[in-house]
Amino acid sequence: MKKGLFYYMLIACLCACQKKTETISTASLLKEMVDCEALAKYPEPYYETRQFSSYDRASVKKDSVSWYANCDRSQFLRVDSIDGRREFVLVDTDGPGAITRFWVTVAAYSDKGTLRFYLDNQEVPEIGGEVLGILSGHALVDAPLSASVSELTDYKQRGHNLYLPIPYAKRCKVTIESPDLKITPEGKIESKTIVYYAINYRTYTSPVKVISFSAKELKKNARLIAAVNKKLSEGTPGIDTPLAGRESTLNLAASLAPGESRSFTIDGSRAIRRLSMRIDADDRRQALRSTVLSIAFDGELTVWAPVGEFFGVGYYPVATGTWYTRAVQDDVMSAWWVMPFERNCTITLTNYGEQPVEISKAAAVSGKWQWDERSMHFGTTWQQFTHIHARGDEFAQDLTFADLKGRGVYVGDAVTVYNPNLGWWGEGDEKVYVDGETFPSHFGTG
Numbered sequence: 000m001k002k003g004l005f006y007y008m009l010i011a012c013l014c015a016c017q018k019k020t021e022t023i024s025t026a027s028l029l030k031e032m033v034d035c036e037a038l039a040k041y042p043e044p045y046y047e048t049r050q051f052s053s054y055d056r057a058s059v060k061k062d063s064v065s066w067y068a069n070c071d072r073s074q075f076l077r078v079d080s081i082d083g084r085r086e087f088v089l090v091d092t093d094g095p096g097a098i099t100r101f102w103v104t105v106a107a108y109s110d111k112g113t114l115r116f117y118l119d120n121q122e123v124p125e126i127g128g129e130v131l132g133i134l135s136g137h138a139l140v141d142a143p144l145s146a147s148v149s150e151l152t153d154y155k156q157r158g159h160n161l162y163l164p165i166p167y168a169k170r171c172k173v174t175i176e177s178p179d180l181k182i183t184p185e186g187k188i189e190s191k192t193i194v195y196y197a198i199n200y201r202t203y204t205s206p207v208k209v210i211s212f213s214a215k216e217l218k219k220n221a222r223l224i225a226a227v228n229k230k231l232s233e234g235t236p237g238i239d240t241p242l243a244g245r246e247s248t249l250n251l252a253a254s255l256a257p258g259e260s261r262s263f264t265i266d267g268s269r270a271i272r273r274l275s276m277r278i279d280a281d282d283r284r285q286a287l288r289s290t291v292l293s294i295a296f297d298g299e300l301t302v303w304a305p306v307g308e309f310f311g312v313g314y315y316p317v318a319t320g321t322w323y324t325r326a327v328q329d330d331v332m333s334a335w336w337v338m339p340f341e342r343n344c345t346i347t348l349t350n351y352g353e354q355p356v357e358i359s360k361a362a363a364v365s366g367k368w369q370w371d372e373r374s375m376h377f378g379t380t381w382q383q384f385t386h387i388h389a390r391g392d393e394f395a396q397d398l399t400f401a402d403l404k405g406r407g408v409y410v411g412d413a414v415t416v417y418n419p420n421l422g423w424w425g426e427g428d429e430k431v432y433v434d435g436e437t438f439p440s441h442f443g444t445g
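Mapped onto numbering that gives the first Met the number 0, the consecutive letters of the sequence shown carry residue numbers 0 to 445.
Here you go:
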């Protein structure tokens, strides 16, 4: 297979929906974060995820030069005057909803910025304090719910992340104040401090009761927060405890000659809880790209991806890990996505390369699953783009790497770049359009 400049992998799920009234709270959102089964079921209550970001506001018309404008910093919704202060508004949205991720990075920052969260039209902010202290300085919670990356980088040059969910019943407004953020008489922002931000939030559109975030709620859930932090710090969910004594393991080990495939079938209403394998070949990097994992659930092929991409290592046998995937360098790669099916699933491994491939320490661990109208099939899509020119505005373009149809939950994507240029390769803004949007509800900052 040809090596390209990019690959993308997305997780998508499709199913039917059932609505009922539920209560959303800091506690319910924290529990959802570490509930692997949640992503395998269509959301109930239903919500939509959107984003506020500092994308360049000159990006208005698609396919124009300005669409690729790159001044993705210190772009705010407006400036509010509150008690003699100038507060720059990052978020203003009606509820019921919840902020689920808050990312900021800064330049020329003087430690004098103040972040304020106003919930449910309150005049006094529910959360207030120094910007980085709130986001990654553990002022609210400890790591990893409050953290910065990379730890090898100077603190002020890192990305600062707050993953503590902030639910609100009626409205949420978030502002930043800093003596280094000023407005000229012409109404332009004149700032020594540069602020990049991306803030993801949910809006619930079905009947729901929300217990808004508060200091009382934070204190009330102290033990739960500590437990979630501990579980997230462990790196992967492992096998869920309800499966104990009821799981079964299917051996996926195989020796594949060039062009050969091996298929394995699991019958019944079940869910795969863990997939793992080791790949060996004379050229292991090529084998990670040329050996393809495909899965058909209930007769529908929804997974097709090179094994390296599926497990998040690309074409390098490196050590890496996320909540759902982990790879031990030169050894086993594992994934903990929950993949339910009603009748059966067939897992196929195919060697599209020109060398023999040995697949060992390979297993699919599954457990019983009660299939219902909310259950969803797991899916991936993989694409490769070659000979992408990324120099100057004349080469600017949007690459559509997924166009998903039907009901489902879009979980995320990954990208590997093969860069022939030893210098800076450039950057781009991710754009996500949901349900026929003409302007993306997610517009990133590169």
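Yeah, the Cβ is synthetic: ideal placement off N, Cα and C, and Gly gets one too.
The structure displayed is predicted, hence computed values, not measured ones.
Smallest Cα separation from residue i: which of the options?
i: residue 302; options: 76, 212, 339 and 441; result: 339
i: residue 380; options: 292, 265, 45 and 271; result: 292
i: residue 405; options: 386, 433, 414 and 357; result: 433
i: residue 122; options: 101, 276 and 80; result: 80
i: residue 24; options: 141, 207 and 138; result: 207
i: residue 93; options: 138, 53, 171 and 77; result: 171
i: residue 31; options: 236, 386, 298 and 271; result: 236
i: residue 95; options: 22, 262 and 147; result: 22
i: residue 178; options: 85, 138 and 399; result: 85
i: residue 107; options: 231, 300 and 73; result: 73
i: residue 345; options: 296, 36 and 442; result: 296
i: residue 33; options: 83, 75, 91 and 233; result: 233
i: residue 399; options: 376, 427 and 375; result: 427
i: residue 417; options: 407, 383, 401 and 441; result: 383
i: residue 431; options: 37, 375 and 51; result: 51
i: residue 247; options: 139, 363, 190 and 193; result: 363
i: residue 356; options: 319, 371 and 278; result: 278
i: residue 113; options: 130, 105 and 97; result: 130
Just to confirm the assignment, what range does the beta strand (DSSP E) spanning residue i have?
i: residue 225; result: Residue 225 -> not in any beta strand (DSSP E); alpha helix (DSSP H) instead, spanning 221–232.
i: residue 384; result: 376–384
i: residue 278; result: 269–279
i: residue 411; result: 411–416
i: residue 253; result: 253–255
i: residue 308; result: Run containing residue 308: none in the beta strand (DSSP E); it sits in the alpha helix (DSSP H), 306–309.
i: residue 326; result: 324–326
i: residue 334; result: 332–334
Mind checking who residue i pairs with in its DSSP beta bridge?
i: residue 189; result: 181
i: residue 346; result: 263 and 294
i: residue 208; result: 22
i: residue 159; result: 103 and 147
i: residue 49; result: 200
i: residue 339; result: 270
i: residue 249; result: 363
i: residue 171; result: 92 and 118
i: residue 86; result: 79
i: residue 442; result: 430
i: residue 215; result: In the DSSP output, where bridge partners are listed per residue, residue 215 has none listed.
i: residue 97; result: 166 and 201
Using the Cα positions of residue i and residue j, report the straight-line distance between them to the nearest angstrom.
i: residue 119; j: residue 165; result: 12 Å
i: residue 324; j: residue 410; result: 14 Å
i: residue 144; j: residue 259; result: 45 Å
i: residue 66; j: residue 253; result: 49 Å
i: residue 269; j: residue 366; result: 5 Å
i: residue 158; j: residue 333; result: 27 Å
i: residue 298; j: residue 343; result: 8 Å
i: residue 56; j: residue 353; result: 49 Å
i: residue 316; j: residue 350; result: 17 Å
i: residue 310; j: residue 196; result: 29 Å
i: residue 213; j: residue 274; result: 40 Å
i: residue 147; j: residue 135; result: 6 Å
i: residue 263; j: residue 403; result: 27 Å
i: residue 163; j: residue 438; result: 28 Å
i: residue 240; j: residue 272; result: Low local confidence applies: a pLDDT of 43 at residue 240 is under 50, so the model's placement there is unreliable, and no value is given.
i: residue 222; j: residue 230; result: 12 Å
i: residue 397; j: residue 385; result: 14 Å
i: residue 28; j: residue 329; result: 36 Å
i: residue 102; j: residue 167; result: 19 Å
i: residue 68; j: residue 58; result: 6 Å
i: residue 198; j: residue 280; result: 43 Å
i: residue 111; j: residue 217; result: 25 Å
i: residue 115; j: residue 377; result: 39 Å
i: residue 368; j: residue 41; result: 15 Å
i: residue 347; j: residue 255; result: 12 Å
In the DSSP assignment, find the unbroken alpha helix (DSSP H) run with residue i in it and report its ends.
i: residue 74; result: Looking at the DSSP string, residue 74 is not in any alpha helix (DSSP H), and its letter there is neither H nor E.
i: residue 387; result: Careful: residue 387 lies outside any alpha helix (DSSP H) and carries neither H nor E.
i: residue 131; result: 130–134
i: residue 288; result: 283–289
Spell out a yes or no on whether the stretch 197–215 and the stretch 37–48 are touching, meaning 3 or more CB-CB pairs, one atom from each, closer than 8 Å. yes
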